[in-house]
Amino acid sequence: MSGMSPIVKTVTRWVSPFILAFGIYIALTGHLTPGGGFPGGVIIAGCFVLLTLAYGKEKVDGVFSLKSASVTDSLASLSFLCMGLLGYVFGRGFLNNFIQSGFPGKAFELLSGGNMPIINVAIGFKVGGSLFVVFAYLALFRAIEEE
Amino acid sequence: MVLIQIFLVFTIIAALIAVEAPSALSSIISLGAVGFGLSIAFLWLGAPDIAITQVVVEILTLVILIRATIGKGVTEIRGNESKTLLIGSLILFGLGSAFFANYLSAFPEFGKSAIDVFSETPSQFYLKFGLEKAGGANVVNDILLDFRAYDTLGEATVLFTAILGAITLLNKDVFFGEGGEK
Numbered sequence: 002m003s004g005m006s007p008i009v010k011t012v013t014r015w016v017s018p019f020i021l022a023f024g025i026y027i028a029l030t031g032h033l034t035p036g037g038g039f040p041g042g043v044i045i046a047g048c049f050v051l052l053t054l055a056y057g058k059e060k061v062d063g064v065f066s067l068k069s070a071s072v073t074d075s076l077a078s079l080s081f082l083c084m085g086l087l088g089y090v091f092g093r094g095f096l097n098n099f100i101q102s103g104f105p106g107k108a109f110e111l112l113s114g115g116n117m118p119i120i121n122v123a124i125g126f127k128v129g130g131s132l133f134v135v136f137a138y139l140a141l142f143r144a145i146e147e148e
Numbered sequence: 772m773v774l775i776q777i778f779l780v781f782t783i784i785a786a787l788i789a790v791e792a793p794s795a796l797s798s799i800i801s802l803g804a805v806g807f808g809l810s811i812a813f814l815w816l817g818a819p820d821i822a823i824t825q826v827v828v829e830i831l832t833l834v835i836l837i838r839a840t841i842g843k844g845v846t847e848i849r850g851n852e853s854k855t856l857l858i859g860s861l862i863l864f865g866l867g868s869a870f871f872a873n874y875l876s877a878f879p880e881f882g883k884s885a886i887d888v889f890s891e892t893p894s895q896f897y898l899k900f901g902l903e904k905a906g907g908a909n910v911v912n913d914i915l916l917d918f919r920a921y922d923t924l925g926e927a928t929v930l931f932t933a934i935l936g937a938i939t940l941l942n943k944d945v946f947f948g949e950g951g952e953k
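Below you can see the structure in the form of structure tokens.
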């Protein structure tokens, strides 16, 4: 797998930052507009899948790899769990929305909803990382075995 | 309402093609058509959150599946369709629809929300107090991440565990050692 044609590479170079920004936007503003962590994470994973398919495995190996994706996945899962456990410390129980009850933000603004933006970002990274891992295992390793 | 029924018929036809298609690639592509038909149905019924998720997951699944299956022979399993199987499935279908008819009569009409039909539902509470108690403007995310956050945590755990299991099964080195049986 040495990547695709120069046309695909050029288009990917121009388009992929916008895809990544759109994924982050969808995950970050899930509590205000339609979207949320899950679709945002899938869009982020799609950006990396596009880069990997267009440039080939060897080229992107130093930038992002299977290991970094799985580390992202695990860290994001842990941070979601930690947000739940922090509810014991500052709030009334597990997964309690303690930021909202402590410092309620202004409605319809980015800093509102308490825990929700943080958990949304965590879910976004978790889904993005795990779907990239799935892609890497299903698509890349098979290709290596064939060669 | 006619347009959404056209889309639903399109989705059902695409699903039938996906089952009966001779090659894996055409099966996967018709599966993508099913997903897009469903996402348009969701959008039409007023659920943009689910529509976005459906479209995005559909695209990524299509890419992964095509990438994973392209250029590979597909093992086909074609058994003899016996008469007992047909009769049994017909009996099961009849029983299922007989039981389901009871439920369907209690549901609101297709495309109408349950809030208009039932007087006391949790969704009314969520719509009323979502912005006040959870603080998010998007009620869907209020429910997912505040009122029903346990559910989301369980969903994340399921995804994590499923991927862990799939990788363990796919990664043959775990079972057979380095350079083992391929």
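These protein sequence lines map, in sequence, to chains A and B.
Everything in the first sequence is counted per the working numbering, starting at 2 for the first residue and increasing by one.
Everything in the second sequence is counted per the working numbering, starting at 772 for the first residue and increasing by one.
Backbone N, C-alpha and C define an ideal beta-carbon position, used for all residues, glycine too.
Measuring straight from C-alpha to C-alpha, what distance separates residue i and residue j?
{"i": "Met772 of chain B", "j": "Leu930 of chain B", "result": "35 Å"}
{"i": "Tyr138 of chain A", "j": "Val888 of chain B", "result": "47 Å"}
{"i": "Ile811 of chain B", "j": "Phe778 of chain B", "result": "8 Å"}
{"i": "Ile886 of chain B", "j": "Glu903 of chain B", "result": "20 Å"}
{"i": "Leu720 of chain B", "j": "Ser894 of chain B", "result": "With chain B covering 772 to 953 only, the question about residue 720 of chain B has no answer from this structure."}
{"i": "Ile120 of chain A", "j": "Pro105 of chain A", "result": "16 Å"}
{"i": "Val90 of chain A", "j": "Cys83 of chain A", "result": "11 Å"}
{"i": "Val780 of chain B", "j": "Ala877 of chain B", "result": "24 Å"}
{"i": "Gly901 of chain B", "j": "Ile8 of chain A", "result": "48 Å"}
{"i": "Phe946 of chain B", "j": "Phe65 of chain A", "result": "With a pLDDT of only 49 at Phe946 of chain B, under the threshold of 50, the placement of this residue in the model should not be trusted; the figure read from the coordinates follows. Their backbone Cα atoms lie some 27 Å apart in a straight line."}
{"i": "Ser868 of chain B", "j": "Ile914 of chain B", "result": "32 Å"}
Report the residue from the options whose alpha carbon sits nearest the alpha carbon of residue i.
{"i": "Val135 of chain A", "options": "A:Ile124, A:Asn116, A:Lys68, A:Lys60", "result": "A:Lys68"}
{"i": "Ile830 of chain B", "options": "A:Asp62, A:Gly57, A:Val64, A:Leu51", "result": "A:Leu51"}
{"i": "Gly41 of chain A", "options": "B:Ser798, B:Val827, B:Leu814", "result": "B:Val827"}
{"i": "Leu916 of chain B", "options": "A:Phe104, A:Lys107, A:Thr53, A:Phe99", "result": "A:Phe99"}
{"i": "Val1 of chain A", "options": "B:Phe781, B:Ala927, B:Leu856, B:Ile841", "result": "Residue 1 of chain A falls outside the range modelled here, since chain A spans only 2 to 148, and no answer is possible."}
{"i": "Ala789 of chain B", "options": "B:Thr782, B:Phe781, B:Ile783, B:Ser798", "result": "B:Ser798"}
{"i": "Ile27 of chain A", "options": "A:Val64, A:Gly130, A:Pro118", "result": "A:Pro118"}
{"i": "Ser75 of chain A", "options": "A:Trp15, A:Leu29, A:Val128", "result": "A:Val128"}
{"i": "Glu59 of chain A", "options": "A:Tyr89, A:Gly106, A:Met5", "result": "A:Met5"}
{"i": "Ala46 of chain A", "options": "B:Thr939, B:Thr832, B:Lys854", "result": "B:Thr832"}
{"i": "Thr34 of chain A", "options": "A:Ile124, A:Glu110, A:Gly125", "result": "A:Glu110"}
{"i": "Val748 of chain B", "options": "B:Ala877, B:Leu796, B:Ile914", "result": "Past the edges of chain B, shown from 772 to 953, lies residue 748 of chain B, and the structure says nothing about it."}
{"i": "Gly38 of chain A", "options": "B:Ile821, B:Gly808, B:Val805", "result": "B:Ile821"}
{"i": "Ile124 of chain A", "options": "A:Ser80, A:Phe23, A:Val12", "result": "A:Ser80"}
{"i": "Leu21 of chain A", "options": "A:Gly103, A:Val43, A:Gly31, A:Thr11", "result": "A:Val43"}
{"i": "Ala55 of chain A", "options": "A:Lys107, A:Thr11, A:Ala108, A:Ser131", "result": "A:Thr11"}
{"i": "Ser3 of chain A", "options": "A:Thr53, A:Cys48, A:Thr30", "result": "A:Thr53"}
Within 10 angstroms of its Cβ, does residue i collect 16 or more other Cβ (buried), or is it exposed?
{"i": "Glu880 of chain B", "result": "exposed"}
{"i": "Asp62 of chain A", "result": "exposed"}
{"i": "Asn909 of chain B", "result": "buried"}
{"i": "Ala70 of chain A", "result": "buried"}
{"i": "Asp922 of chain B", "result": "exposed"}
{"i": "Ile25 of chain A", "result": "buried"}
{"i": "Thr824 of chain B", "result": "buried"}
{"i": "Arg838 of chain B", "result": "buried"}
{"i": "Ile783 of chain B", "result": "exposed"}
{"i": "Thr73 of chain A", "result": "buried"}
{"i": "Ser890 of chain B", "result": "exposed"}
{"i": "Gly808 of chain B", "result": "buried"}
{"i": "Leu941 of chain B", "result": "exposed"}
{"i": "Asn873 of chain B", "result": "exposed"}
{"i": "Val911 of chain B", "result": "buried"}
{"i": "Gly865 of chain B", "result": "exposed"}
{"i": "Thr939 of chain B", "result": "exposed"}
{"i": "Ile858 of chain B", "result": "exposed"}
{"i": "Phe896 of chain B", "result": "exposed"}
{"i": "Ser78 of chain A", "result": "buried"}
Starting from residue i, find everything on chain C with Cβ-Cβ shorter than 7 Å and list it in chain order.
{"i": "Tyr921 of chain B", "result": "The structure shown contains no chain C; its protein chains are A and B."}
Between which two residues does the alpha helix (DSSP H) containing residue i stretch?
{"i": "Gly41 of chain A", "result": "38-56"}
{"i": "Asp917 of chain B", "result": "Here Asp917 of chain B belongs to no alpha helix (DSSP H), and DSSP marks it neither H nor E."}
{"i": "Gly88 of chain A", "result": "67-91"}
{"i": "Ser17 of chain A", "result": "7-29"}
{"i": "Leu774 of chain B", "result": "773-791"}
{"i": "Ile841 of chain B", "result": "Looking at the DSSP string, Ile841 of chain B is not in any alpha helix (DSSP H), and its letter there is neither H nor E."}
{"i": "Gly130 of chain A", "result": "117-136"}
{"i": "Thr855 of chain B", "result": "854-877"}
Handout entry: Against chain B: residues of the segment 18-36 of chain A by CB proximity under 8 Å
Key = The residues in question are Ile27, Gly31, His32, Leu33, Thr34, Pro35, Gly36.
Problem - Positions along the segment 893-914 of chain B whose CB lies within less than 7 Å of some CB in chain A - result: Of all residues in the segment 893-914 of chain B, only Leu902, Ala905, Gly906, Gly907, Ala908, Asn909, Asn912 come within less than 7 Å of chain A when Cβ atoms are compared, listed by chain position.
Problem - chain A contacts from the segment 807-837 of chain B (Cβ-Cβ distance under 7 Å) - result: Residues Pro819, Asp820, Ile823, Thr824, Val827, Val828, Ile830, Leu831, Val834, Ile835.
Exercise for the section: Select from the segment 773-804 of chain B all residues with a C-beta closer than 9 Å to any C-beta belonging to chain A, and list them in chain order. Expected result: Within the segment 773-804 of chain B, no residue places its CB atom closer than 9 Å to a CB of chain A.
Practice task
Mind checking the segment 78-111 of chain A against chain B and listing, in chain order, the residues whose C-beta falls within less than 7 Å of any C-beta there?
Solution key: Correct list: Ser78, Phe81, Gly85, Leu96, Asn98, Gln101, Pro105, Gly106, Ala108, Phe109.
Problem - Members of the segment 860-884 of chain B near chain A, C-beta cut-off 9 Å - result: Those would be none; no residue qualifies.
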